[in-house]
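J.: Below is the structure I would like to discuss, written out as structure tokens.
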Amino acid sequence: MTDTDHGPQSWFWEADSDNCPHGPEPEDDTTEAWDEWMDRHPWSPQDVRICLDAPMGEACLDCSDEDGEYVPWGACRTREHARPKDGTVPNPDAQHQQVTVWVGTQDCLERECEDYFTDDGDEIPGKDRCSHIREEQACSCQRDEDGEYGNTPCPATVAPAA
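Residue numbers (the working numbering): 301 to 462.
Shown next, in the form of structure tokens:
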């Protein structure tokens, strides 16, 4: 990652939303029901009450704070992504096939980086990648459901315990 402040964190729906199974906050703040409701609905860093029983998913907290709304971890602007160099998916029957991947931030991989443009804002013809993207090798078994490649170790390359 290029910025150590960005990372995946659980993100929750707001209390009193349709996704919160508890209903609205009890009006009488002296009851046991109110205490129980408060235990499941703390304040979030965004100064709203959230429901700990209604997870939305993994978010990049820093990007979400900057945008003022939920930004999924997969859409973090500083998170590095690993995508197949030529966009092709390896043979699904080949369990451990080597794949050349390009690793970089979303802006770089989606050609939104300033390296793809002239000072006048025109796209540079024939530029296949920016200077921030590096080429690496991955194994087909490391392919995630979203089509990107994760960093979980390939079982074929892990040495057996002695």
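Ideal placement from N, C-alpha and C gives every residue a C-beta, glycine not left out.
Quick one: complete alpha helix (DSSP H) runs, 4+ long, within the region 349-406?
T.: 361-367
J.: If you compare alpha carbons, which of T331, E325, D335 and F417 is closest to V348?
T.: E325
J.: Taking the alpha-carbon of T378 as reference, which of L409, S440 and T330 has the nearest alpha-carbon?
T.: L409
J.: Quick check on this structure: which residue in D353, C360 and C441 has the alpha carbon closest to the alpha carbon of W394?
T.: Checking the sequence, you will find Ala at residue 394 rather than Trp. Among D353, C360 and C441, the Cα nearest to that of A394 belongs to C441.
J.: Does R340 come out as helix, strand or coil in the three-state DSSP assignment?
T.: In the three-state scheme derived from DSSP, where H, G and I count as helix and E and B as strand, R340 is classed as helix.
J.: Restricting to Cα atoms, I'd like to know which of P384, G421 and C439 is closest to I433.
T.: The candidate whose alpha carbon is nearest that of I433 is P384.
J.: Within a Cβ cutoff of 6 Å, which residues of the same chain sit near D428, ignoring the five residues on either side of it in sequence?
T.: none
J.: Just to check my reading of the structure: C363 and C376 have Cβ atoms closer than 8 Å, yes? What is that Cβ distance to the nearest angstrom?
T.: 5 Å
J.: R434 bridges to which residues according to DSSP?
T.: V403
J.: Give the range of the beta strand (DSSP E) segment to which E314 is assigned.
T.: P308 to E314
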